[in-house]
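Take a look at the structure below.
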Amino acid sequence: MKIRAAVLNASPVAAPYALSKPMSIEEVELAPPGPGEVLVKVRAAGLCHSDLSVIDGNRPRPVPMVLGHEAAGEVVETGPGVQDLKQGDRVIMVFVPSCGHCAPCSEGRPALCEPGNAANGIGELIGGGRRLSANGRPVHHHVGVSAFAEYAVISRHSLVKIEADIPHEIAALFGCAVLTGVGAAVNTAKIRAGETVAVVGLGGVGLSALMGAAACGASRIIAVDLSEDKLAIARELGATDTFNAGDPGVVEAIRTATKGGVDHGLEMAGSVKALDLAYQITRRGGTTTTAGLANPAHTLSLAPVRLVGEERTLKGSYVGSCIPVRDIPRFIELYLRGKLPVDKLLTSTSGLDGINEGFDALNEGRTIRHVIRM
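Shown next, in the form of C-alpha coordinates:
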(Lines of atoms letter the chains of each structure in order from A; the text may use other names.)
(Lines give C-alpha, C1' and ligand atoms only; values in the text may rest on other atoms or scores of the structure.)
Protein backbone atom coordinates (compact mmCIF):
# COMPACT_ATOMS: atom_id res chain seq x y z
CA MET A 1 0.00 0.00 0.00
CA LYS A 2 1.08 3.60 -0.59
CA ILE A 3 1.32 5.86 2.46
CA ARG A 4 2.55 9.34 3.39
CA ALA A 5 5.61 9.35 5.59
CA ALA A 6 8.34 11.71 6.82
CA VAL A 7 11.61 10.43 5.30
CA LEU A 8 15.11 11.41 6.40
CA ASN A 9 17.24 11.15 3.24
CA ALA A 10 20.55 12.48 4.62
CA SER A 11 22.30 12.97 7.96
CA PRO A 12 23.60 15.14 9.53
CA VAL A 13 21.32 18.08 8.68
CA ALA A 14 21.79 21.50 10.26
CA ALA A 15 19.10 23.61 11.92
CA PRO A 16 16.90 25.58 11.45
CA TYR A 17 14.90 22.64 10.19
CA ALA A 18 12.05 24.75 8.88
CA LEU A 19 14.56 25.87 6.23
CA SER A 20 16.77 22.77 5.76
CA LYS A 21 13.72 20.44 5.87
CA PRO A 22 15.46 17.19 6.85
CA MET A 23 12.11 15.40 7.06
CA SER A 24 10.70 15.11 3.56
CA ILE A 25 6.99 14.26 3.33
CA GLU A 26 6.86 11.61 0.63
CA GLU A 27 4.72 8.80 -0.70
CA VAL A 28 6.35 5.47 0.15
CA GLU A 29 5.38 1.86 -0.39
CA LEU A 30 4.53 -0.25 2.65
CA ALA A 31 4.53 -4.03 2.26
CA PRO A 32 1.89 -6.12 4.06
CA PRO A 33 2.77 -7.63 7.45
CA GLY A 34 4.77 -10.84 7.37
CA PRO A 35 4.81 -13.64 9.95
CA GLY A 36 4.71 -12.23 13.48
CA GLU A 37 4.06 -8.69 12.23
CA VAL A 38 1.19 -6.22 12.50
CA LEU A 39 -0.10 -3.41 10.29
CA VAL A 40 -0.88 -0.44 12.54
CA LYS A 41 -2.65 2.81 11.74
CA VAL A 42 -0.53 5.42 13.49
CA ARG A 43 -2.69 7.87 15.43
CA ALA A 44 -0.07 9.95 17.24
CA ALA A 45 3.73 10.14 17.37
CA GLY A 46 5.89 12.28 19.64
CA LEU A 47 9.05 14.13 18.62
CA CYS A 48 11.94 13.00 20.84
CA HIS A 49 15.63 13.89 21.15
CA SER A 50 16.41 10.35 20.00
CA ASP A 51 14.86 11.27 16.64
CA LEU A 52 16.67 14.61 16.64
CA SER A 53 20.01 12.91 17.33
CA VAL A 54 19.63 10.97 14.07
CA ILE A 55 18.87 14.16 12.16
CA ASP A 56 21.84 16.09 13.60
CA GLY A 57 24.21 13.12 13.27
CA ASN A 58 24.86 12.51 16.97
CA ARG A 59 23.53 8.97 16.60
CA PRO A 60 24.25 7.83 13.03
CA ARG A 61 21.66 5.58 11.40
CA PRO A 62 21.36 4.30 7.83
CA VAL A 63 19.37 6.49 5.45
CA PRO A 64 16.89 6.88 3.89
CA MET A 65 14.87 6.23 7.01
CA VAL A 66 11.37 6.94 8.30
CA LEU A 67 11.92 8.22 11.82
CA GLY A 68 9.56 8.14 14.81
CA HIS A 69 9.55 5.74 17.74
CA GLU A 70 7.23 7.18 20.44
CA ALA A 71 3.76 6.39 19.17
CA ALA A 72 0.30 4.93 19.60
CA GLY A 73 -2.15 3.55 17.08
CA GLU A 74 -4.71 0.91 16.16
CA VAL A 75 -4.31 -2.55 14.69
CA VAL A 76 -5.51 -2.80 11.08
CA GLU A 77 -4.27 -6.25 10.07
CA THR A 78 -2.22 -9.05 11.59
CA GLY A 79 0.29 -11.27 9.84
CA PRO A 80 0.54 -15.05 10.12
CA GLY A 81 1.12 -16.28 13.66
CA VAL A 82 -0.24 -13.22 15.46
CA GLN A 83 -3.25 -14.50 17.40
CA ASP A 84 -3.46 -12.20 20.44
CA LEU A 85 -4.25 -8.97 18.55
CA LYS A 86 -7.22 -8.12 16.36
CA GLN A 87 -8.41 -5.25 14.19
CA GLY A 88 -9.23 -2.19 16.27
CA ASP A 89 -7.03 -3.06 19.25
CA ARG A 90 -5.17 -0.05 20.65
CA VAL A 91 -1.41 -0.42 20.91
CA ILE A 92 1.63 1.51 22.08
CA MET A 93 4.89 1.04 20.20
CA VAL A 94 8.14 0.14 21.97
CA PHE A 95 11.49 1.07 20.45
CA VAL A 96 13.36 -2.10 21.43
CA PRO A 97 11.65 -5.33 20.30
CA SER A 98 12.25 -8.25 22.64
CA CYS A 99 12.72 -11.70 21.16
CA GLY A 100 12.04 -13.41 24.50
CA HIS A 101 14.81 -15.98 23.98
CA CYS A 102 18.24 -14.31 24.17
CA ALA A 103 20.20 -14.10 27.44
CA PRO A 104 18.97 -10.62 28.48
CA CYS A 105 15.35 -11.43 27.62
CA SER A 106 15.52 -14.68 29.59
CA GLU A 107 16.82 -12.68 32.57
CA GLY A 108 13.81 -10.34 32.42
CA ARG A 109 15.78 -7.49 30.79
CA PRO A 110 14.07 -7.04 27.40
CA ALA A 111 15.54 -3.55 26.93
CA LEU A 112 18.86 -5.29 26.25
CA CYS A 113 17.47 -7.80 23.74
CA GLU A 114 20.41 -8.75 21.52
CA PRO A 115 18.54 -9.54 18.26
CA GLY A 116 16.36 -6.46 18.83
CA ASN A 117 19.30 -4.11 19.24
CA ALA A 118 21.10 -5.67 16.25
CA ALA A 119 18.05 -5.16 14.02
CA ASN A 120 17.60 -1.59 15.25
CA GLY A 121 21.19 -0.74 14.43
CA ILE A 122 20.84 -1.69 10.76
CA GLY A 123 17.35 -0.29 10.26
CA GLU A 124 15.51 -3.60 9.90
CA LEU A 125 12.64 -5.28 11.72
CA ILE A 126 13.57 -7.99 14.19
CA GLY A 127 12.11 -10.56 11.79
CA GLY A 128 14.63 -9.45 9.17
CA GLY A 129 14.47 -7.07 6.22
CA ARG A 130 12.48 -3.92 5.56
CA ARG A 131 8.83 -3.34 4.69
CA LEU A 132 9.32 0.22 3.43
CA SER A 133 10.50 1.30 -0.01
CA ALA A 134 10.44 4.32 -2.32
CA ASN A 135 11.24 4.55 -6.01
CA GLY A 136 12.43 0.98 -6.03
CA ARG A 137 14.94 1.35 -3.20
CA PRO A 138 14.56 0.17 0.41
CA VAL A 139 13.78 2.65 3.17
CA HIS A 140 15.07 1.82 6.65
CA HIS A 141 12.98 1.43 9.79
CA HIS A 142 13.76 3.56 12.84
CA VAL A 143 14.24 1.24 15.85
CA GLY A 144 11.62 -1.13 14.49
CA VAL A 145 8.83 1.47 14.56
CA SER A 146 9.02 4.30 11.94
CA ALA A 147 5.96 6.07 13.29
CA PHE A 148 6.17 9.35 11.37
CA ALA A 149 3.83 7.84 8.82
CA GLU A 150 0.16 7.14 8.30
CA TYR A 151 0.68 3.40 8.75
CA ALA A 152 3.49 1.16 9.96
CA VAL A 153 4.29 -2.56 9.78
CA ILE A 154 5.75 -3.51 13.14
CA SER A 155 6.85 -6.72 14.82
CA ARG A 156 4.44 -8.06 17.42
CA HIS A 157 7.48 -7.92 19.74
CA SER A 158 7.41 -4.09 19.48
CA LEU A 159 3.78 -3.61 20.51
CA VAL A 160 1.96 -3.41 23.84
CA LYS A 161 -1.83 -3.68 23.82
CA ILE A 162 -3.63 -1.23 26.10
CA GLU A 163 -7.19 -1.29 27.40
CA ALA A 164 -7.41 2.23 28.80
CA ASP A 165 -9.42 4.71 26.72
CA ILE A 166 -6.98 7.62 26.83
CA PRO A 167 -6.24 10.13 24.04
CA HIS A 168 -3.81 8.80 21.44
CA GLU A 169 -1.50 11.79 21.86
CA ILE A 170 -1.19 10.98 25.57
CA ALA A 171 -0.87 7.23 25.01
CA ALA A 172 2.05 7.84 22.63
CA LEU A 173 4.12 9.43 25.41
CA PHE A 174 4.13 6.18 27.37
CA GLY A 175 6.18 4.54 24.59
CA CYS A 176 9.35 6.53 25.29
CA ALA A 177 9.28 9.59 27.56
CA VAL A 178 7.28 7.96 30.35
CA LEU A 179 8.69 4.45 29.89
CA THR A 180 12.27 5.76 29.99
CA GLY A 181 11.93 8.46 32.64
CA VAL A 182 9.56 6.86 35.12
CA GLY A 183 11.29 3.52 34.58
CA ALA A 184 14.69 5.03 35.38
CA ALA A 185 13.35 6.28 38.71
CA VAL A 186 11.34 3.18 39.62
CA ASN A 187 13.26 0.28 38.08
CA THR A 188 16.88 1.39 37.66
CA ALA A 189 17.44 3.80 40.55
CA LYS A 190 14.84 2.02 42.72
CA ILE A 191 14.06 5.22 44.63
CA ARG A 192 12.57 4.54 48.05
CA ALA A 193 10.13 6.65 50.05
CA GLY A 194 11.90 9.41 51.94
CA GLU A 195 15.03 9.50 49.77
CA THR A 196 16.31 12.67 48.11
CA VAL A 197 16.55 12.97 44.32
CA ALA A 198 17.97 15.40 41.75
CA VAL A 199 16.93 15.33 38.09
CA VAL A 200 19.32 17.02 35.65
CA GLY A 201 17.72 17.79 32.27
CA LEU A 202 14.00 18.50 32.10
CA GLY A 203 12.83 17.36 28.69
CA GLY A 204 10.06 14.81 28.35
CA VAL A 205 12.21 12.04 29.83
CA GLY A 206 13.55 14.21 32.66
CA LEU A 207 10.14 15.47 33.72
CA SER A 208 8.86 11.90 33.56
CA ALA A 209 11.70 10.86 35.88
CA LEU A 210 10.71 13.68 38.20
CA MET A 211 7.12 12.42 38.24
CA GLY A 212 8.44 8.93 38.89
CA ALA A 213 10.48 10.17 41.85
CA ALA A 214 7.40 11.88 43.26
CA ALA A 215 5.32 8.72 42.80
CA CYS A 216 8.03 6.76 44.67
CA GLY A 217 7.63 9.09 47.65
CA ALA A 218 10.91 11.00 47.42
CA SER A 219 11.07 13.51 50.26
CA ARG A 220 12.96 16.12 48.29
CA ILE A 221 13.19 16.49 44.52
CA ILE A 222 15.77 18.87 43.04
CA ALA A 223 15.16 19.94 39.42
CA VAL A 224 18.12 21.23 37.38
CA ASP A 225 17.98 22.72 33.88
CA LEU A 226 19.12 25.70 31.84
CA SER A 227 15.55 26.79 31.08
CA GLU A 228 13.61 28.78 33.65
CA ASP A 229 10.39 27.80 31.87
CA LYS A 230 11.14 24.11 32.36
CA LEU A 231 12.09 24.72 35.99
CA ALA A 232 8.66 26.30 36.48
CA ILE A 233 6.98 23.22 34.98
CA ALA A 234 9.08 21.03 37.27
CA ARG A 235 7.71 22.88 40.28
CA GLU A 236 4.18 22.15 39.06
CA LEU A 237 5.04 18.46 38.78
CA GLY A 238 6.44 18.08 42.28
CA ALA A 239 9.95 19.56 42.41
CA THR A 240 10.67 20.92 45.87
CA ASP A 241 13.73 22.91 44.76
CA THR A 242 14.95 24.22 41.40
CA PHE A 243 18.42 25.29 40.27
CA ASN A 244 19.61 26.75 36.98
CA ALA A 245 22.38 24.55 35.55
CA GLY A 246 24.03 27.64 34.06
CA ASP A 247 24.83 29.20 37.42
CA PRO A 248 28.61 28.95 38.06
CA GLY A 249 28.19 27.71 41.63
CA VAL A 250 25.29 25.33 41.02
CA VAL A 251 27.09 22.20 42.26
CA GLU A 252 28.10 23.73 45.58
CA ALA A 253 24.70 25.37 45.95
CA ILE A 254 22.93 22.00 45.62
CA ARG A 255 25.41 20.18 47.86
CA THR A 256 24.97 22.87 50.51
CA ALA A 257 21.19 22.83 50.25
CA THR A 258 21.12 19.03 50.59
CA LYS A 259 23.85 18.79 53.27
CA GLY A 260 26.31 16.91 51.08
CA GLY A 261 24.30 15.82 48.07
CA VAL A 262 21.27 13.72 47.14
CA ASP A 263 20.69 10.00 47.46
CA HIS A 264 19.95 9.75 43.73
CA GLY A 265 21.23 11.93 40.88
CA LEU A 266 19.36 11.28 37.63
CA GLU A 267 20.85 12.59 34.36
CA MET A 268 18.35 12.89 31.51
CA ALA A 269 19.91 15.50 29.22
CA GLY A 270 22.11 13.30 27.04
CA SER A 271 25.16 15.43 27.84
CA VAL A 272 28.45 14.47 29.46
CA LYS A 273 28.50 17.86 31.21
CA ALA A 274 25.05 17.13 32.67
CA LEU A 275 26.15 13.64 33.75
CA ASP A 276 29.19 15.07 35.49
CA LEU A 277 26.94 17.57 37.28
CA ALA A 278 24.58 14.78 38.39
CA TYR A 279 27.56 12.77 39.68
CA GLN A 280 28.98 15.76 41.58
CA ILE A 281 25.71 16.43 43.41
CA THR A 282 25.20 12.79 44.45
CA ARG A 283 26.20 12.16 48.06
CA ARG A 284 28.78 9.70 49.37
CA GLY A 285 27.23 6.24 49.13
CA GLY A 286 24.64 7.50 46.66
CA THR A 287 23.64 6.39 43.17
CA THR A 288 23.91 8.33 39.91
CA THR A 289 21.69 7.03 37.11
CA THR A 290 21.82 8.16 33.50
CA ALA A 291 19.26 7.59 30.78
CA GLY A 292 20.59 10.35 28.53
CA LEU A 293 22.05 9.24 25.20
CA ALA A 294 25.12 11.42 24.69
CA ASN A 295 27.16 11.50 21.49
CA PRO A 296 28.90 8.08 21.26
CA ALA A 297 32.27 9.79 20.81
CA HIS A 298 32.02 11.71 24.10
CA THR A 299 33.58 10.29 27.27
CA LEU A 300 33.25 10.93 31.00
CA SER A 301 36.34 11.58 33.13
CA LEU A 302 35.99 9.93 36.52
CA ALA A 303 38.33 9.59 39.52
CA PRO A 304 38.16 5.90 40.53
CA VAL A 305 39.33 6.76 44.05
CA ARG A 306 36.04 8.59 44.65
CA LEU A 307 34.03 5.72 43.20
CA VAL A 308 35.72 3.36 45.66
CA GLY A 309 36.35 5.60 48.67
CA GLU A 310 32.82 7.01 48.65
CA GLU A 311 31.12 3.72 47.68
CA ARG A 312 29.44 5.45 44.78
CA THR A 313 27.28 3.73 42.15
CA LEU A 314 27.00 4.88 38.52
CA LYS A 315 24.27 3.14 36.53
CA GLY A 316 22.98 3.25 32.99
CA SER A 317 19.26 2.95 32.26
CA TYR A 318 17.93 1.98 28.83
CA VAL A 319 14.17 1.97 28.18
CA GLY A 320 13.89 2.63 31.91
CA SER A 321 15.03 -0.95 32.63
CA CYS A 322 11.39 -1.72 31.90
CA ILE A 323 9.46 -4.79 30.93
CA PRO A 324 7.10 -2.83 28.67
CA VAL A 325 4.22 -5.33 28.67
CA ARG A 326 4.22 -5.10 32.48
CA ASP A 327 5.17 -1.47 33.07
CA ILE A 328 3.18 0.45 30.44
CA PRO A 329 -0.20 -0.69 31.87
CA ARG A 330 1.06 0.06 35.39
CA PHE A 331 2.18 3.56 34.45
CA ILE A 332 -1.10 4.22 32.64
CA GLU A 333 -2.98 3.18 35.79
CA LEU A 334 -0.91 5.65 37.82
CA TYR A 335 -1.76 8.33 35.25
CA LEU A 336 -5.47 7.56 35.53
CA ARG A 337 -5.20 7.84 39.32
CA GLY A 338 -3.52 11.24 39.06
CA LYS A 339 -0.13 10.01 40.26
CA LEU A 340 1.64 10.61 36.92
CA PRO A 341 0.27 13.79 35.27
CA VAL A 342 1.65 12.82 31.86
CA ASP A 343 -0.69 15.24 30.06
CA LYS A 344 1.50 18.08 31.39
CA LEU A 345 4.25 16.95 29.02
CA LEU A 346 2.17 17.66 25.90
CA THR A 347 3.17 21.12 24.71
CA SER A 348 1.86 21.25 21.15
CA THR A 349 0.51 19.19 18.25
CA SER A 350 0.47 19.40 14.46
CA GLY A 351 -0.08 17.33 11.38
CA LEU A 352 2.73 15.55 9.57
CA ASP A 353 3.44 18.67 7.54
CA GLY A 354 4.52 20.53 10.69
CA ILE A 355 7.23 18.06 11.65
CA ASN A 356 10.28 20.15 10.71
CA GLU A 357 8.99 23.16 12.64
CA GLY A 358 8.33 20.79 15.55
CA PHE A 359 11.95 19.66 15.54
CA ASP A 360 13.06 23.30 15.60
CA ALA A 361 10.98 23.83 18.74
CA LEU A 362 12.49 20.71 20.31
CA ASN A 363 16.04 21.66 19.33
CA GLU A 364 15.63 25.16 20.78
CA GLY A 365 14.09 23.93 24.02
CA ARG A 366 10.72 25.59 23.33
CA THR A 367 8.71 22.41 23.78
CA ILE A 368 8.52 19.41 26.08
CA ARG A 369 6.69 17.13 23.69
CA HIS A 370 5.37 18.07 20.27
CA VAL A 371 3.08 15.31 18.99
CA ILE A 372 2.20 14.61 15.37
CA ARG A 373 -1.46 13.70 14.94
CA MET A 374 -2.10 11.53 11.90
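Read in order, the letters of the sequence shown correspond to residues 1 to 374 in full-length UniProt numbering.
Glycine included, each C-beta is placed from N, C-alpha and C at the ideal position.
State the beta-bridge partners of Phe-243 as determined by DSSP.
-> Counted from its first residue, the sequence shown places residue 243 at position 243. Val-224, per the DSSP bridge assignment.
For Arg-137, count neighbouring Cβ atoms within 10 angstroms of its own Cβ and tell me buried if that reaches 16, exposed if not.
-> Here residue 137 refers to the residue found at position 137 of the sequence shown. It is exposed - the Cβ of Arg-137 has fewer than 16 other Cβ atoms within 10 Å.
Mark Thr-289 as exposed unless 16 or more other C-beta atoms lie within 10 angstroms of its C-beta, in which case mark it buried.
-> In the sequence shown, the residue the question calls residue 289 occupies position 289. Here Thr-289 is buried, its C-beta having at least 16 other C-beta atoms within 10 Å.
Could you give the uninterrupted runs of the alpha helix (DSSP H) lying entirely in the segment 308–345, keeping only those of 4 residues or more?
-> With a minimum length of 4 residues, the unbroken runs of alpha helix (DSSP H) contained wholly in the segment 308–345 fall at 324–336.
DSSP on His-370, reduced to helix/strand/coil?
-> Here residue 370 refers to the residue found at position 370 when the sequence shown is read from its first residue. DSSP, reduced to helix, strand and coil, places His-370 within a strand of the structure shown.
Cβ-based neighbour list, Asp-343, same chain, cut-off 6 Å, excluding 5 preceding and 5 following | Within the sequence shown, the letter at position 343 stands for residue 343. Closer than 6 Å at the Cβ level, and outside the excluded window around Asp-343, lie Ile-170.
Which one of Arg-306, Gly-285, Ala-215, Cys-113 has the shortest CA to CA distance from Pro-341?
-> One-based indexing of the sequence shown puts residue 341 at position 341. For Pro-341, the nearest C-alpha among the options comes from Ala-215.
Expected contact under 8 Å - CB spacing of Leu-277 and Ala-245 to nearest Å | Looking up residue 277 in the sequence shown gives position 277. Looking up residue 245 in the sequence shown gives position 245. In this structure Leu-277 is in contact with Ala-245, their Cβ atoms being roughly 7 Å apart against a cut-off of 8 Å.
Boundaries (first-last residue) of the beta strand (DSSP E) holding Lys-161 | Here residue 161 refers to the residue found at position 161 of the sequence shown. 159–162 is the span of the beta strand (DSSP E), which, as asked, contains Lys-161.
What residue from Glu-357, Arg-369, Leu-159 has the CA that sits closest to Leu-19's CA?
-> By 1-based counting over the sequence shown, the position of residue 19 is 19. Of the candidates Glu-357, Arg-369, Leu-159, the one whose C-alpha sits nearest the C-alpha of Leu-19 is Glu-357.
Do three or more CB pairs link the segment 300–310 to the segment 260–267 at distances below 8 Å?
-> No: fewer than three Cβ pairs fall under 8 Å.
So what's Ile-233 in DSSP terms, helix, strand or just coil?
-> Here residue 233 refers to the residue found at position 233 when the sequence shown is read from its first residue. In the three-state DSSP reduction, Ile-233 falls in the helix class (H, G or I).
What alpha helix (DSSP H) runs, 4 residues minimum, are completely inside the segment 99–146?
-> The segment 99–146 contains these whole alpha helix (DSSP H) runs: 103–106, 114–122.
Under 8 Å by Cβ, that's how I've got Cys-322 and Gly-204 pegged, so tell me the actual separation to the nearest angstrom.
-> The sequence position of residue 322 within the sequence shown is 322, counting from 1. The sequence position of residue 204 within the sequence shown is 204, counting from 1. The pair is not a contact, with the Cβ atoms about 16 Å apart (cut-off 8 Å).
Using beta-carbon positions only, say whether Leu-266 and Leu-237 come within less than 8 Å of one another.
-> Here the question's residue 266 lines up with position 266 in the sequence shown. Here the question's residue 237 lines up with position 237 in the sequence shown. Taking 8 Å as the Cβ cut-off, Leu-266 and Leu-237 do not qualify as a contacting pair.
Quick one: grab the DSSP three-state call for Met-268.
-> In the sequence shown, the residue the question calls residue 268 occupies position 268. The three-state secondary structure of Met-268, taken from DSSP, is coil.
Sort Gly-351, Ile-191, Ile-355 by Cα distance to Met-374 and report the nearest one.
-> As a position in the sequence shown, residue 374 is number 374, starting the count at 1. The shortest C-alpha separation from Met-374 is found at Gly-351.
Compare the C-alpha of Asp-225 against each of Val-251, Gly-212, Gly-217 and name the closest.
-> Here residue 225 refers to the residue found at position 225 of the sequence shown. For Asp-225, the nearest C-alpha among the options comes from Val-251.
Cβ pair Gly-212, Ala-193 closer than 8 Å = By one-based count along the sequence shown, residue 212 stands at place 212. By one-based count along the sequence shown, residue 193 stands at place 193. Inclusion of Gly-212 and Ala-193 in the CB contact set at 8 Å is not warranted, their separation being larger than that value.
Could you tell me which residues DSSP puts in a beta bridge with Leu-8?
-> The residue labelled residue 8 in the question sits at position 8 within the sequence shown. Leu-8 is bridged by DSSP to Met-23, Met-65.
Hey, would you say Ser-24 sits closer than 8 Å to Val-54, going by beta carbons?
-> Position 24 of the sequence shown, counting from 1, holds the residue named residue 24. Position 54 of the sequence shown, counting from 1, holds the residue named residue 54. No; because the gap between Cβ atoms is not below 8 Å, this pair is not in contact.
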